[in-house]
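Engineer:
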Amino acid sequence: SLHVNCLVNINFLTSQTNAKAAIDTEKLMRRYKTFVEATSMVKPLVCCIALIVGADASWATDIETADAAHKRPNILFLLADDLGWADVGFHDSDKSTPNIDRLAATGVRIEQHYVWPTCSPTRVAFLTGREPSRSGVYAPLGDVGIPATTMTLPTALRNNGYATHICGKWHLGAPPDYRPLLFGFDSSYGYFRGQIDPYTHLYKTGERTWHRNDKLLDEPGHATDLIAQEAVRIINSAQDKPFFLYVAFSVP
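The number in the numbering used here is simply the position in the sequence shown, starting from 1, with 10 added.
1) Would you kindly report the start and end of the unbroken alpha helix (DSSP H) that includes D130?
2) Distance, Cα to Cα, L192 vs G231?
3) Which partner residues of I176 appear in the DSSP bridge assignment?
4) Could you spell out where the alpha helix (DSSP H) holding R222 opens and where it closes?
5) To the nearest angstrom, how far is it from the Cα of V134 to the Cα of P208?
6) Please classify Y172: is it buried, with 16 or more other beta-carbons within 10 angstroms of its beta-carbon, or exposed?
7) Nearest to Q205 by alpha carbon, out of S247, W180, A158 and P127?
8) Starting from the Cα of L151, find the closest Cα among Y124, R189 and D97 and give me that residue.
9) What span of residues does the alpha helix (DSSP H) with R243 cover, start to end?
10) Rounded to the nearest angstrom, how far is the Cβ of A166 from that of T219, given a contact under 8 angstroms?
11) Quick one: is Y42 buried, meaning 16 or more other Cβ sit within 10 Å of its Cβ, or exposed?
Structure (C-alpha cells):
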C-alpha cells in the first residue's frame, strides 16, 4: 500500500466562456492555497490530481503566486484502463475499492464530465490539454503517434523545475520516434502498445513492448504489480525536487 503525508484531490475547471466554471475555478484555487498553507510544515504530496483537459491555463498564475512562498507539491496522477461506472465502491456497486473510495471521500468528485471512449485520444487530451483531433488522433494508435515537437504537460512541468516520470501504459506510438522520453519525461517504465499479456508482457501479436527508459526489457512479474512497485520506488526515492508521476495501469 502507498502511505502518503498529505491527501488531496483538486479538480481545475477553467473555461474562457463559462462564467460558472470561472466561479468554480476561483473557489478551487482558494481551496488549493488553503491546503498549501496548512501543509507548509510537512512534506507535501498531492495525490490524484484530476485535470479537465482542453481548457485554458488561466489558473497557472494563481498557482505560481501561491507557490512563491511555499514548496511546490508533488503530483501523482493515477489512470485506470477501461474503468466502468460501477467498477468502484463509491458508486454503490458490489466492488471493493477501499483506497479509491477513500480518495473520493476526502477529495472533490466530478460526477458529470466527458472523455473519449478509447485509449489514445484520452491520453493525448490529458498530456497536451487539447482536443485529440487537433493532433489527428481519433482512435487507438499503432506505430505512428503524435509529433515529438508537441508541447505536453510533463514538458511544461519539467521546464518549471519538476522531475517527470511515467510508469505503465503509453499507447501513443511504439517506434523510437514516439516514445515517452521524447515528450518531457525524465524516466519511463511499462509498455508502449495498447494491450499486453499481464505475465509475458507481450503485445497481442507476440511483439515485445515492455521497457524501461524507452529500451525494451524482459522481466518476470504481473504487470499490475510491477507498475505499482515502480511508482512506489519513484516516490520513495524522490529528493528535494518536486515530481510529476503519471501512473497508467493496464487494467481497471
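Every residue gets a Cβ at the ideal spot worked out from N, C-alpha and C, and that includes glycine. Since the structure is predicted, the reported quantities are computational estimates derived from the model, not experimental observations.
Structural biologist: From the atom records:
1) The sequence position of residue 130 within the sequence shown is 120, counting from 1. Note on residue identity: the sequence assigns Ser, not Asp, to residue 130. Per DSSP, S130 belongs to the alpha helix (DSSP H) from C129 to T138.
2) Within the sequence shown, numbered from 1, the residue matching residue 192 stands at position 182. Within the sequence shown, numbered from 1, the residue matching residue 231 stands at position 221. Taking C-alpha positions only, L192 is separated from G231 by approximately 27 angstroms.
3) Within the sequence shown, numbered from 1, the residue matching residue 176 stands at position 166. Note: I176 sits in a beta bridge opposite S198 and Y256.
4) The count along the sequence shown starts at 1 and reaches residue 222 at position 212. Premise fails: R222 lies in the beta strand (DSSP E), W220 to R222, not in any alpha helix (DSSP H).
5) In the sequence shown, residue 134 corresponds to position 124, counting from 1. In the sequence shown, residue 208 corresponds to position 198, counting from 1. In a straight line, the C-alpha of V134 is about 24 angstroms away from that of P208.
6) Here the question's residue 172 lines up with position 162 in the sequence shown. Buried, since its Cβ has 16 or more Cβ neighbours within 10 Å.
7) Start at 1 with the first residue of the sequence shown, and residue 205 comes out as number 195. Nearest of S247, W180, A158 and P127 to Q205, Cα basis: W180.
8) The sequence position of residue 151 within the sequence shown is 141, counting from 1. Comparing Cα positions, the closest option is R189.
9) Taking the sequence shown and counting its residues from 1, one reaches residue 243 at position 233. Going by DSSP, R243 is part of the alpha helix (DSSP H) stretching over A233 to N246.
10) As a working mapping, residue 166 is identified with position 156 in the sequence shown. As a working mapping, residue 219 is identified with position 209 in the sequence shown. Contact flag wrong, Cβ pair sits at about 27 angstroms.
11) Here residue 42 refers to the residue found at position 32 when the sequence shown is read from its first residue. Note that Y42 has pLDDT 46, beneath the 50 cutoff, so the model's placement of it is unreliable and the number below is only indicative. By the Cβ neighbour-count rule, Y42 is buried, with 16 or more other Cβ atoms within 10 Å of its own.
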